[in-house]
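Notes for the one structure printed next.
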Amino acid sequence: MGGPDDVDQARPSKRARIGDLSSSASDISIDPPDISVRDPSLSKPLAFIDLNMGPQLAAKKETPKPPPASEFVGPRGIIRRTEYVRLITQALRGLGYSSTAARLEEESSIPLQSDAVNRLQDGVLVGRWEECVTLLRELRLDNQDVYKNAKFLILQQKFLEALEEGSTGLALKVLRNELAPLKVNAPQLHRLAAWVMCTNSADLLAQSHWSPGESRNKLLLDLQRLLPPSVLIPEKRLEVLVEQALAHQQAACEFHNTQDEAFCLFADHKCGRDQIPTETVQVLEAHTDEVWYLQFSHDGKKLASASKDNTVIIWEVHAANDVQVLHVLQGHAKPLSFVAWSPDDSLILTCGNDNKIKLWDTLSGKLRRTYDKHADPVTACAWFPDGRRFVSGGVDKCTFMWDIDGNELEQWAGARINDLAISSDGAQMISICSEKKIRIYRFADRSEQTIDEVESITSLCISGDSRYLLVNLSSQVIHLWDLGASRLPQKPAIRYKGQKQGRYVIRSCFGGSAQKFIVSGSEDSQVYIWHRGTGDLLEVLPGHSGTVNAVSWNPTNPHMFASASDDHTIRIWGLRKDKQSEEEETEGRGLAVANGVKSANGSAH
Numbered sequence: 043m044g045g046p047d048d049v050d051q052a053r054p055s056k057r058a059r060i061g062d063l064s065s066s067a068s069d070i071s072i073d074p075p076d077i078s079v080r081d082p083s084l085s086k087p088l089a090f091i092d093l094n095m096g097p098q099l100a101a102k103k104e105t106p107k108p109p110p111a112s113e114f115v116g117p118r119g120i121i122r123r124t125e126y127v128r129l130i131t132q133a134l135r136g137l138g139y140s141s142t143a144a145r146l147e148e149e150s151s152i153p154l155q156s157d158a159v160n161r162l163q164d165g166v167l168v169g170r171w172e173e174c175v176t177l178l179r180e181l182r183l184d185n186q187d188v189y190k191n192a193k194f195l196i197l198q199q200k201f202l203e204a205l206e207e208g209s210t211g212l213a214l215k216v217l218r219n220e221l222a223p224l225k226v227n228a229p230q231l232h233r234l235a236a237w238v239m240c241t242n243s244a245d246l247l248a249q250s251h252w253s254p255g256e257s258r259n260k261l262l263l264d265l266q267r268l269l270p271p272s273v274l275i276p277e278k279r280l281e282v283l284v285e286q287a288l289a290h291q292q293a294a295c296e297f298h299n300t301q302d303e304a305f306c307l308f309a310d311h312k313c314g315r316d317q318i319p320t321e322t323v324q325v326l327e328a329h330t331d332e333v334w335y336l337q338f339s340h341d342g343k344k345l346a347s348a349s350k351d352n353t354v355i356i357w358e359v360h361a362a363n364d365v366q367v368l369h370v371l372q373g374h375a376k377p378l379s380f381v382a383w384s385p386d387d388s389l390i391l392t393c394g395n396d397n398k399i400k401l402w403d404t405l406s407g408k409l410r411r412t413y414d415k416h417a418d419p420v421t422a423c424a425w426f427p428d429g430r431r432f433v434s435g436g437v438d439k440c441t442f443m444w445d446i447d448g449n450e451l452e453q454w455a456g457a458r459i460n461d462l463a464i465s466s467d468g469a470q471m472i473s474i475c476s477e478k479k480i481r482i483y484r485f486a487d488r489s490e491q492t493i494d495e496v497e498s499i500t501s502l503c504i505s506g507d508s509r510y511l512l513v514n515l516s517s518q519v520i521h522l523w524d525l526g527a528s529r530l531p532q533k534p535a536i537r538y539k540g541q542k543q544g545r546y547v548i549r550s551c552f553g554g555s556a557q558k559f560i561v562s563g564s565e566d567s568q569v570y571i572w573h574r575g576t577g578d579l580l581e582v583l584p585g586h587s588g589t590v591n592a593v594s595w596n597p598t599n600p601h602m603f604a605s606a607s608d609d610h611t612i613r614i615w616g617l618r619k620d621k622q623s624e625e626e627e628t629e630g631r632g633l634a635v636a637n638g639v640k641s642a643n644g645s646a647h
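Under the working numbering, the residues of the sequence shown are numbered 43 to 647, in order.
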């Protein structure tokens with residue numbers, strides 16, 4: 043992979059520091075009558091006039107005028123009344139309230155769409171193509187390119203239907219005399235000409251991927267996307283606007299951390315701090331020495347921890363405060379610093395200071411295979427999305443690609459690897475070395491690009507969509523790099539400050555709903571949580587009595603994460619209980635321990 047030679051040195055006993063169809067019509071803006079208005083000459087509301095009182099009163103009932111309608115509505119007066127009413131009408135029809143929608147059109151005198159658009163839609167559905175072309179002209183579109191492309195779509199449908207029915211002569215006539223003169227979409231015109239050679243309907247459908255049964259409805263959708271929205275309102279436009287508003291509120295909510303996708307429309311959305319897991323709900327004490335690494339499985343049902351005691355423990359996650367030992371993986375001769383779950387969580391890789399990688403079955407806890415090509419401690423490994431290959435890197439300046447059958451597929455030499463990851467699409471390998479660089483290797487063309495950092499990088503974490511890269515620096519700062527652009531960035535997007543690190547490998551990760559938060563360990567025995575987008579420090583959580591080496595946020599439960607520490611423990615963090623719940627708890631509030639597990643409610647597990 044390239045890179046300057048590093049000075050070989052003995053690895054410390056601890057870890058080395060090394061992202062309904064619709065349209066416009068009239069501009070009439072008349073409000074519906076307000077039935078609460080009273081006639082000053084009458085003693086009761088107009089709505090209750092008895093017709094037997096005489097023709098004069100009856101006439102008065104039929105002639106009240108609505109108040110002048112404002113052109114704009116809403117608290118800020120920026121919503122056009124006609125557009126708003128049309129969207130409501132469309133929404134009512136979409137919900138199946140057609141008669142109510144028709145009544146709204148009648149009372150407001152604001153039609154959902156023009157008569158020409160209504161007839162155009164009907165014409166498409168019944169196949170009156172000449173009428174459709176005429177109606178298209180009646181729309182008087184300002185953009186001639188839009189007009190020509192819309193006409194092309196209509197005539198293309200006419201052509202395909204003629205061809206499918208076996209009317210080759212008519213199809214050729216449409217192609218030569220109507221489609222070709224438009225001089226638009228030449229590649230598609232050539233394809234249409236080629237389809238004339240199809241010998242039968244089945245051949246046509248196979249080559250064109252055209253579906254006669256749904257083609258007219260699809261044509262309406264295509265016209266909807268092409269024509270101006272003022273002419274043909276996009277489908278479900280009001281619902282789209284409401285969802286956009288909700289999404290904006292969610293994005294602006296600093297503490298948003300829920301999987302519930304349904305939001306109340308009656309009040310602005312806002313979450314409180316209580317949505318972030320900040321309370322220790324369980325302490326796991328099965329390890330007998332420092333815990334250097336941990337990671338939740340992809341389904342969130344298991345947790346794996348690697349320790350200086352030469353073991354990896356697989357924990358079963360039943361609930362936020364019910365995590366139990368499932369397997370203790372024994373076989374390594376020296377401390378372990380890394381684990382990696384396979385994409386389907388059926389296998390797990392373990393590696394560390396004994397220079398070996400071991401592959402385990404997570405269901406049975408049995409060893410499947412040992413890989414011993416590395417000459418020095420193995421610092422990290424990462425799976426490809428296929429679940430059959432993985433890469434490993436180590437202090438020996440070698441990076442290997444393996445398959446689960448034990449075969450070495452590829453090898454790169456150059457720099458001492460501190461940490462590495464594979465992108466979610468399997469196209470790239472991202473690694474950090476003892477130098478101040480982030481290396482991005484593309485498997486397709488075997489090219490490598492680098493991002494320069496300001497200090498030594500101790501660890502990395504890639505987001506679920508592989509757009510963002512999180513790196514911990516020895517200078518007590520965490521950088522977020524946005525890899526979503528076509529060119530690599532020149533500077534980090536966000537910097538997260540506050541945690542302490544300098545002597546050891548400290549790891550951070552993404553977490554919470556939509557990975558909205560950043561959580562990190564620290565050498566001051568605390569856990570730090572920031573808002574990913576703003577960089578604001580939200581929480582500093584005490585609890586551990588030694589360096590917090592690693593953290594992992596449950597990928598399926600936004601209200602749960604775990605931290606690993608030099609104090610030999612793993613803490614499971616959950617939501618803080620409200621005051622009423624605390625008062626109802628029994629006197630045994632203290633942390634009790636049994637079988638290597640402490641419970642925050644005093645019960646032994």
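Idealized CB from N, CA, C, for every residue including glycine. Note that the coordinates shown come from a computational prediction; the quantities given were computed from them, not determined experimentally.
Beyond the five residues adjoining it in sequence on each side, residue 312 comes within less than 6 Å, by CB distance, of 295 in the same chain, given in chain order. Following the DSSP letters along the chain, one finds residue 347 in no alpha helix (DSSP H) but inside the beta strand (DSSP E) bounded by residues 344 to 349. Proximity of the segment 378 to 386 to the segment 344 to 351 meets the contact definition, three or more beta-carbon pairs being nearer than 8 Å. Looking at 199, 507, 533, 541, the one whose alpha-carbon comes closest to that of residue 516 is 541.
Residue pairing for residue 279: DSSP places it in no beta bridge.
For the set 416, 421, 134, 172, the Cα lying nearest the Cα of residue 450 is the one of 416. For residue 454, there is no enclosing alpha helix (DSSP H); the residue is found in the beta strand (DSSP E) stretching over 450 to 455.
Bounds of any alpha helix (DSSP H) do not take in residue 119, whose DSSP letter is neither H nor E. For residue 553, the secondary structure class from DSSP, reduced to helix, strand or coil, is strand.
Out of 253, 545, 284, the CA that lies nearest to the CA of residue 308 is found in 284. Contact between residue 577 and residue 537 holds: their C-beta atoms lie close to 6 Å from each other, under 8 Å. A contact is defined here as three or more CB-CB pairs under 8 Å, and the segment 326 to 338 fails this definition with respect to the segment 578 to 587. Bounds of the alpha helix (DSSP H) holding residue 211 are 210 to 216. Rounded to whole angstroms, the gap between the alpha carbons of residue 363 and residue 408 is 27 Å. Secondary structure note for residue 191: its alpha helix (DSSP H) is the uninterrupted segment 186 to 206.
A residue is called buried when at least 16 other Cβ atoms come within 10 angstroms of its Cβ; residue 370 does not meet this threshold and is exposed. Taken in chain order, the whole alpha helix (DSSP H) runs of length 4 or more contained in the segment 237 to 279 are 243 to 250, 254 to 268. Taking a contact to require three or more Cβ pairs closer than 8 Å, the segment 555 to 574 and the segment 591 to 607 qualify as touching. Three or more beta-carbon pairs drawn from the segment 125 to 133 and the segment 274 to 291 are found closer than 8 Å, and the two stretches are therefore classed as touching. By the Cβ-count criterion, residue 289 is exposed, with fewer than 16 other Cβ atoms from all chains shown falling within 10 Å of its own Cβ.
In its chain, beyond the 5 residues on either side, 134 have a beta carbon closer than 7 Å to the beta carbon of residue 142. One thing to note: residue 231 has its Cβ within 9 Å of the Cβ of residue 217.
Note that the C-beta distance between residue 483 and residue 444 is not below 9 Å. Per DSSP, residue 160 is one residue of the alpha helix (DSSP H) stretching across 157 to 168. By the C-beta criterion, the segment 454 to 468 is judged to be in contact with the segment 432 to 446, since at least 3 inter-stretch pairs fall below 8 Å.
Residues of the same chain with a CB within less than 8 Å of the CB of residue 314, apart from the 5 flanking positions on each side, are 297 in chain order. Counting C-beta atoms within 10 angstroms of its own C-beta, residue 306 has fewer than 16 neighbours from the protein chains shown and is therefore classed as exposed.
Taking the Cα positions, residue 171 is about 23 Å away from residue 272. Annotated three-state conformation of residue 475 is strand, per DSSP. For residue 544, the CB contacts under 6 Å within the same chain, skipping 5 residues up- and downstream, are 516 in chain order. Judged by DSSP secondary structure, residue 422 falls within the beta strand (DSSP E) whose first and last residues are 420 to 425.
Out of 495, 506, 496, 608, the CA that lies nearest to the CA of residue 467 is found in 506.
Nearest to residue 530 by alpha-carbon distance, out of 395, 511, 287, 520, is 511. With a cutoff of 9 Å on beta-carbon distance, residue 611 and residue 549 are scored as not near each other. About 5 Å separates the beta carbons of residue 463 and residue 472, which is inside the 8 Å limit, making them a contact pair. Counting only residues of its own chain and dropping the five nearest sequence neighbours on each side, residue 147 has a CB closer than 8 Å to the CB of 131, 153, 154.
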